[in-house]
Each structure stands twice: as C-alpha cells, then as structure tokens.
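Heads up, the thing below is written out as structure tokens.
Residue numbers (full-length UniProt numbering): 1 to 165.
Next up, the structure:
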C-alpha cells in the first residue's frame with residue numbers, strides 16, 4: 001500500500017490522497033524559498049504583483065496534485081488576493097507563511113500515516129507468526145511444535161534430522 005493510500009474501511013482517509021507527491025514537494029520547497037526571499041528583501045510594487053501571481057499559480061498547481069477533500073481544506077484556509085490591489089509585503093508574507101505551514105502540516109501528517117501504517121503491518125506480521133498452526137510431519141501426523149521427529153521419514157523415505165527452520 002502506498003504512503004498516500006489508506007485502508008478502505010476509513011471513509012475520510014480514503015479520499016485524502018496526494019496524487020502527485022513529487023509535485024507537491026517541489027511546489028512546497030519553492031513556496032518556502034519565496035517566503036525566505038520576501039522576508040529578506042524589500043519588494044517594490046512590480047515584485048509584489050509578481051509574487052502574488054506566483055502564489056496564486058502555486059495554489060492552482062497544488063490543487064492538481066491533491067484529492068478533493070485536501071483541495072477543499074486548502075481553499076478554507078487560504079484567502080485570495082483582491083484583483084484590483086497589489087498586496088503589501090506583509091500580506092504576501094502572511095499568505096506565503098500560511099501556505100508553507102499548511103504544506104508542512106500535510107507532510108507531517110503523511111509521515112505520521114506512514115509510520116502508523118508500518119507499525120500496523122509489523123503488528124499484523126508478528127500476529128500472523130504467532131498464530132501459525134502446528135505443522136504436519138511427513139507421515140501426516142502432527143507434532144507438538146510443528147517439527148518432524150527424527151523417526152519421521154522424509155520425501156524420499158529416509159529419516160530426517162528434524163526441523164530446518
């Protein structure tokens with residue numbers, strides 16, 4: 001099962017999928033770098049307009065790689081810029097920081113889901129190993145621990161030395 005897939009019995013998790021994880025990671029890294037740039041250098045009006053456009057395009061690209069419920073969540077937590085006014089540096093910093101925070105939360109959620117999935121698989125594997133029934137000896141009789149006794153004949157009719165595993 002891929003890290004972004006979930007058990008079919010969990011309705012909410014089933015729809016929370018990242019279709020293009022590499023794309024989401026690239027956009028997330030780009031948005032993070034843009035936030036660093038906004039924090040470190042003053043921006044003139046043209047730069048602010050450009051950054052606002054990049055921010056909007058980043059959101060659109062993210063939507064392409066996310067499931068509908070994650071897109072809806074992203075829409076709920078982000079506010080669009082007004083078309084008639086160039087956003088201020090502060091507005092851009094807030095929007096970029098908010099998007100970076102949301103993406104980091106998404107990545108942490110994925111990591112947590114992957115760890116939980118690995119732990120569940122490991123527990124299932126360990127549970128399966130403990131639940132193995134006793135085996136049959138070559139002559140069809142069961143032994144207490146599932147191994148063959150020294151007197152039990154092997155496939156060729158000769159006695160075998162015991163359990164091999």
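Where a beta carbon is used, it is the ideal one built from N, C-alpha and C, also for glycine.
All figures in this text were calculated on a predicted structure; none of them were measured in a lab.
- Taking C-beta separations shorter than 7 Å and ignoring five residues to either side along the sequence, the partners of residue 65 in its chain run 18, 19, 20, 23 and 24, following chain order.
- Around the beta carbon of residue 105, fewer than 16 other beta carbons sit within 10 angstroms, so the residue counts as exposed.
- Residue state for residue 79 is assigned as coil, using DSSP reduced to three classes.
- For residue 120, same chain residues with a beta-carbon under 8 Å away, outside a window of 5 residues either side, do not exist.
- In this structure, residue 35 sits away from residue 86, with a CB-CB distance that is not shorter than 9 Å.
- Judged by DSSP in its simplified three-state form, residue 43 adopts coil rather than helix or strand.
- The straight-line gap separating the alpha-carbon atoms of residue 33 and residue 81 is approximately 20 Å.
- Taking a cut-off of 8 Å for Cβ pairs, the stretch 108-125 and the stretch 86-96 do not touch, as fewer than three such pairs fall below it.
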